[in-house]
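Protein chains in written order, with the numbering used here: chain A, 1 to 492; chain B, 1001 to 1125; chain C, 2001 to 2088; chain D, 3001 to 3144; chain E, 4001 to 4081. Glycine included, every Cβ here is placed at the ideal spot set by N, Cα and C. What follows is a short report on a single structure.
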């Protein structure tokens, strides 16, 4: 077996091993923490790209942990979706790690920085682990690691509100975990296995059973809480508002991993025909998502705190991913999964810009943004570009995924969903154009000396802004892996 | 479908019923109680109820614990299902970890606000 | 307002109760949970792992990766507590 | 908080009991192959012995027995054991954590048994260090 | 007759759970929670899962309770209304 064959586990192990070593590194050489994390994530990113290339040429890799065949041992399945998620996760986290070097000097007290990076790396590793696992219980374990590290990261600044937001997130997240655990138990008692592929085969005769239906309900509710789907999103706004700005960027990835878990549940554990035709689960999800998109957009408009506004915008945009799943056609799934990448890049760029603004000025209220466009040209330029992408203005990447979703809704005969997408774009435009208007044409109340953020912060922001354009013009790049991913999920 | 279930069948599931009752008690505590530590106790009730559900599912009538001495697999002995035990060992650690983190947060919150009553804290904010 | 939490709890309780109705009887030895994956652990476990306690055998060998995750969970929790409260 | 008891009986019993608890923890660790138990339970029992010392004899006494310098590498020890053993298994041509592929002794079973014990010890050490650290962090006076 | 013991333990479990919930004194609730965990551990052992029983006794009745008590001693003991 060549080393390439072991890539699925190696990609996960690199950030995790770095996390285990981080407390020791932090004890001896505090200054090296950041470089250490960046190097680990860079290696992991390169590994993920190699993995994605391998999967594209050779098809999905089934890695049998400890050498036991699937129903008995744990299996890692690096399929198209898993490899894609690994690339997305490692790319965004790499940039956030670079950005953190300067940024956390203001947000996180000195002695806690090694812990910050440790939790950061644990979060990265477990998100990748959750994306490529083929075992239901292992998915739960990965979800626990990522949940616990995100609870801690949300409240790491140690301020009162951050602590409360973290506590709220913890209680709600732990309930979600309990539901997931109960759901897994119900599936296990019915099917007698924990392996997803095995369940896929063994569940169909049991579809009439109340136990299986209850398990589906419990798992959907549990993962929806983790994904912050609209009525269950209550933890998200507080967590995003009070956490340091680098954490929401990671958290947008966390909720995407929740969406991936829903995809796995609906298409890899249950048969697509069951969730679409026998019980209208996908239809219900698409309606939930449609409501979420509209309501979250309205909430976002009414916010004055920029971080809280972006948080509601995240609730809105993760619902797009769910909408793609809910449409349930090949095109819809492709659009939904493409939006995972596009939203991660765009929202990452926005949050990092806001972080730079707060780092330099401490301003959080949108009304005080006047004149920032001239003082921080690079940051605000990137912000504007990302905002255009959020709204879905063409050549940016946001347009591509919205276009795909709208097209999927039309071809699936669900024109009303296309209307929802269009309407939400208009609502998005309202609140983003307002900010852009203030930043470029507003007049500051007092002339403060503000200059551009440090280079280690501007560089990741520019990278992400560039990605908004690159992914807009070169949407074929992610689509090469997403088209087979959607086909594999639907079993075409 | 439901009405065909005989009473005896319901009685045979008493472990599961208890776990359902415990989940309900725990959830109710989490929603209704204002004290943050009490909420956490409710969470622990829910979690242990889940564990009870798993372990009940693993039991087999007349079975013994799956410990096979010196590699001799006795043919007349029925062993219980070891897999739920394994899963629950992991889940217990998860529960402990969540509780530890939550209590650390609670201590910090008390230092900041001087109370653990969630409504009082919202007033103070 | 007092009614809302009760309703939530009752809905979830009802879901779980309905689920119980579809389950194999408590303690039955022909449930799928006992007949599909587990027999191999019980029959070949000692031979394949050299460990007499099948639970330990599964914990460290068949599902060793889960245990790796479990150790990572407690590691995460410890680091998180240190991050919040500081080292001692 | 923990220095509540200045009572001589409590102190003496705690002193007497501690070695036995630790012995029991080692028994649970080493006999996990044949009896109920394993690294995880052993780690918690071991941590319990230090918690007992902290409660009966004072926090400082317990901290002196397991110093922070010792605990720090112990915390990372368990997961790193998994990583190192897993990578050794990969290097020997097996899958991750496939213990029986390591060609150390003539009998692969024996190697498997040794590596399984090593992993159990790793789990126990980390759980012990982490539970103790969590306890010390929470019990230790003013928080920054 | 073993099912009778089982049933008795389950009843006791529900009673202690309710006692944990209604007790306004958090310290007492934490101790009751320890009792609850201990009954749970007995139940696991009785259901032929001694490994989990040992773990639950060490963690639920031991570690979790100690952490609860530490946290309560650092914060308020009584639950305010």
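Suppose you measure from the CA of residue i to the CA of residue j; what does that come to, to the nearest Å?
| i | j | result |
| --- | --- | --- |
| residue 4031 (chain E) | residue 1047 (chain B) | 18 Å |
| residue 55 (chain A) | residue 78 (chain A) | 7 Å |
| residue 390 (chain A) | residue 373 (chain A) | 19 Å |
| residue 3137 (chain D) | residue 3061 (chain D) | 15 Å |
| residue 427 (chain A) | residue 2003 (chain C) | 35 Å |
| residue 397 (chain A) | residue 1106 (chain B) | 42 Å |
| residue 2061 (chain C) | residue 1062 (chain B) | 27 Å |
| residue 3079 (chain D) | residue 126 (chain A) | 14 Å |
| residue 183 (chain A) | residue 1069 (chain B) | 35 Å |
| residue 1076 (chain B) | residue 70 (chain A) | 29 Å |
| residue 286 (chain A) | residue 175 (chain A) | 24 Å |
| residue 72 (chain A) | residue 2037 (chain C) | 6 Å |
| residue 2046 (chain C) | residue 1064 (chain B) | 16 Å |
| residue 1050 (chain B) | residue 1023 (chain B) | 7 Å |
| residue 3090 (chain D) | residue 3017 (chain D) | 44 Å |
| residue 276 (chain A) | residue 226 (chain A) | 23 Å |
| residue 976 (chain B) | residue 208 (chain A) | The structure shown has nothing for residue 976 (chain B), since chain B only spans 1001 to 1125. |
| residue 329 (chain A) | residue 265 (chain A) | 16 Å |
| residue 3059 (chain D) | residue 3010 (chain D) | 15 Å |
| residue 4039 (chain E) | residue 4012 (chain E) | 8 Å |
| residue 49 (chain A) | residue 455 (chain A) | 26 Å |
Based on DSSP bridge pairs, tell me the residues matched to residue i.
| i | result |
| --- | --- |
| residue 76 (chain A) | A:63 and A:133 |
| residue 1067 (chain B) | C:2053 |
| residue 4025 (chain E) | E:4078 |
| residue 138 (chain A) | BP columns for residue 138 (chain A) are empty, so no partner. |
| residue 1079 (chain B) | B:1064 |
| residue 1117 (chain B) | B:1035 |
| residue 34 (chain A) | Partner(s): none; residue 34 (chain A) has no beta bridge. |
Start and end of the alpha helix (DSSP H) containing residue i?
| i | result |
| --- | --- |
| residue 3078 (chain D) | 3068–3091 |
| residue 3064 (chain D) | 3059–3065 |
| residue 1148 (chain B) | With chain B covering only 1001 through 1125, there is no way to say anything about residue 1148 (chain B). |
| residue 390 (chain A) | 377–391 |
| residue 287 (chain A) | 281–301 |
| residue 2079 (chain C) | 2064–2085 |
| residue 3101 (chain D) | First-last for residue 3101 (chain D): undefined, no H or E at that position. |
Could you pull out every residue in the same chain whose Cβ sits closer than 8 Å to the Cβ of residue i, ignoring the five residues on either side in sequence?
| i | result |
| --- | --- |
| residue 1115 (chain B) | 1121 and 1124 |
| residue 3111 (chain D) | 3099, 3100, 3102, 3103, 3104 and 3105 |
| residue 1001 (chain B) | Any reading at residue 1001 (chain B) needs caution, since the residue's pLDDT is 43, under 50, leaving its predicted position unreliable; the model's value is listed next. There are no such residues. |
| residue 52 (chain A) | 83, 84, 86, 87 and 481 |
| residue 3085 (chain D) | 3097, 3099, 3115, 3118 and 3119 |
Using 8 Å as the threshold, is the C-beta distance between residue i and residue j below it?
| i | j | result |
| --- | --- | --- |
| residue 129 (chain A) | residue 142 (chain A) | yes |
| residue 132 (chain A) | residue 76 (chain A) | yes |
| residue 1097 (chain B) | residue 4047 (chain E) | no |
| residue 2080 (chain C) | residue 145 (chain A) | no |
| residue 235 (chain A) | residue 2021 (chain C) | no |
| residue 19 (chain A) | residue 121 (chain A) | yes |
| residue 375 (chain A) | residue 451 (chain A) | yes |
| residue 4035 (chain E) | residue 3051 (chain D) | no |
| residue 2067 (chain C) | residue 2073 (chain C) | no |
| residue 242 (chain A) | residue 165 (chain A) | yes |
| residue 3008 (chain D) | residue 4059 (chain E) | no |
| residue 1041 (chain B) | residue 4020 (chain E) | yes |
Using a Cβ-Cβ cutoff of less than 7 Å, which residues in the same chain neighbour residue i once the five nearest sequence positions on both sides are dropped?
| i | result |
| --- | --- |
| residue 290 (chain A) | 323, 417 and 420 |
| residue 1118 (chain B) | 1034 and 1036 |
| residue 2054 (chain C) | 2041, 2042 and 2045 |
| residue 1081 (chain B) | 1058 and 1060 |
| residue 3077 (chain D) | 3122, 3125 and 3126 |
| residue 4072 (chain E) | 4026, 4027 and 4030 |
Within its chain, find whatever has a CB closer than 6 Å to the CB of residue i; leave out the 5 residues flanking it on each side and keep chain order.
| i | result |
| --- | --- |
| residue 341 (chain A) | 88 and 478 |
| residue 2057 (chain C) | 2045, 2049 and 2051 |
| residue 4045 (chain E) | 4053 |
| residue 26 (chain A) | 33 and 114 |
| residue 3144 (chain D) | Bear in mind that the predicted position of residue 3144 (chain D) carries a pLDDT of just 38, short of 50, making it unreliable; the figure below should be weighed with that in mind. For residue 3144 (chain D), where only same-chain residues beyond five positions count, there are no Cβ hits under 6 Å. |
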